[in-house]
Amino acid sequence: MNNFLLSPRGESLMILKASTNDGGGYSCLAKNIAGESEGIFSVTVLTAPYLEQTVDQNPKVIAKSGVTLNCPVRGNPTPIVTWKFNGTPLSIDGTKYSQPAGTNDLAISEILSENSGRYTCNAINEVSALDTDYALDVIAPPRFQGTGKKIYEILSGETVTMTCPLEASTLLEVTWYRGGNPVYLSDNVKISPDGQKLTVAKAALEDNGKYTCEAKNQAGTADAEVFLKVYVAPTIDDSNLIENPLAVLGKAIYLECPVDGIPQPVITWLKNGKPLDAGGRYSFQQNNITFGISNVETDDVGKYSCVAENKGGRAEENFNLQVLAPPELTTNETQ
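Position 27, counted from 1, in the sequence shown is what numbering that gives the first Met the number 0 calls 26; the numbers after and before it change by one each time, with no gaps.
Here it is, written out as structure tokens:
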């Protein structure tokens, strides 16, 4: 009876810190020698809306599944409950959104990424109102930005950063593979903290090939392929070349241009800056590595250039061709 206070004459009863347990019927009985009289009172204790148990206010749900947001709200009188999504009232029509019978919960079916956001259970009665917010995070399977085949082309010795940019998603793991085997870190190989960038420094020919970026989370797995092509610029081995070759008039001469490079360089021959074509006295062999002139003439004197080109660059070697004529004997006649 500690929460009851009775006036000195007993004509009034005060309930201190009323609780729902104090609701009910009360009677006041007054007596004297003339008789007695009784007053009947009915007390209703009103309570503001409240949650009768804790709820998960940060639920994470896998896309295309369903979830129920619990809102076990109570109060006296019974609160009226409405739901909002990002501040906008929801239409609960029993399709996308529904309320299980006998509850104030919100059931959401076939959840998609766009259903992520703030849901609010608004409970109101004549005493007060209560808003309970839920930050729903929809976990969708990983998805990569952009489509199509990604090819990185660099020169041997250069640094390349390959990316597999992912759309926003709750990720658990990103792994890079090459030839079916995980890519391991080294002094030349680095992976960004989020796993979306693979950097290869001082790339070599053995770094060529297909790389796979695999992303996993609770909702599924996705992978993307990127291709690295390491090129070697053309080089011409001039260790055995003659810069100023001599041709004999009427004979044939062959100029060699030993070229290396990846991909295989395309070789073009020029005379005094003008391209040469096969035909007539000109011939080409071994993918234009060898250039030949048959039946050399004095007009063949000049600068011949071997130009090798590929995606990695360009190399050039020049030859200054001279033509020698056989000595001629002259006869002096004395008269």
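Glycine included, C-beta positions come from ideal geometry on N, C-alpha and C.
Residue from the options whose Cα sits closest to the Cα of residue i
i: residue 273; options: 211, 311, 303 and 279; result: 303
i: residue 310; options: 295, 191 and 233; result: 233
i: residue 202; options: 79, 188, 247 and 134; result: 188
i: residue 75; options: 127, 313, 262 and 38; result: 127
i: residue 193; options: 174, 182, 207 and 205; result: 174
i: residue 124; options: 72, 280 and 225; result: 72
i: residue 178; options: 138, 208 and 64; result: 208
i: residue 79; options: 103, 5, 89 and 90; result: 103
i: residue 53; options: 222, 62, 39 and 70; result: 70
i: residue 210; options: 218, 219 and 190; result: 190
i: residue 241; options: 305, 275 and 217; result: 305
i: residue 143; options: 108, 223, 156 and 283; result: 223
i: residue 151; options: 283, 10 and 199; result: 199
i: residue 182; options: 243, 213, 7 and 217; result: 213
Residues near residue i by beta carbon distance below 6 Å, same chain, minus five either side
i: residue 289; result: 253 and 255
i: residue 129; result: 48 and 122
i: residue 270; result: 301 and 303
i: residue 259; result: 234
i: residue 113; result: none
i: residue 196; result: 160 and 162
Nonlocal neighbours in the same chain, by C-beta distance under 7 Å from residue i, ignoring five residues either side
i: residue 17; result: 44
i: residue 14; result: 2, 3 and 21
i: residue 257; result: 235, 236 and 288
i: residue 324; result: 248
i: residue 297; result: 248 and 322
i: residue 28; result: 35 and 37
i: residue 51; result: 71 and 73
Buried or exposed by the 16-neighbour rule on C-beta atoms within 10 Å, applied to residue i
i: residue 334; result: Annotation note: pLDDT 48 at residue 334 (below 50); position unreliable, coordinate value reported separately. Exposed is the call here.
i: residue 316; result: buried
i: residue 25; result: exposed
i: residue 119; result: buried
i: residue 131; result: buried
i: residue 141; result: buried
i: residue 292; result: buried
i: residue 139; result: buried
i: residue 66; result: buried
i: residue 318; result: buried
i: residue 264; result: buried
i: residue 184; result: exposed
i: residue 243; result: exposed
Where the beta strand (DSSP E) through residue i begins and ends
i: residue 323; result: 312-323
i: residue 59; result: 59-61
i: residue 212; result: 208-216
i: residue 124; result: Premise fails: residue 124 is in no beta strand (DSSP E) and is neither H nor E.
i: residue 284; result: 281-284
i: residue 258; result: 258-261
i: residue 154; result: 149-154
i: residue 253; result: 252-255
i: residue 304; result: 301-309
i: residue 20; result: Counting along the chain, residue 20 falls outside any beta strand (DSSP E), and DSSP gives it neither H nor E.
i: residue 139; result: Element bounds for residue 139: n/a, residue is neither H nor E.
Nonlocal neighbours in the same chain, by C-beta distance under 8 Å from residue i, ignoring five residues either side
i: residue 153; result: 159, 202, 227, 228, 229 and 230
i: residue 136; result: 57, 58, 59, 60, 115 and 169
i: residue 294; result: 249, 250, 251 and 280
Proximity test, Cβ basis, 8 Å: residue i and chain D
i: residue 149; result: Reference to chain D is not applicable here, since this structure consists of a single protein chain.
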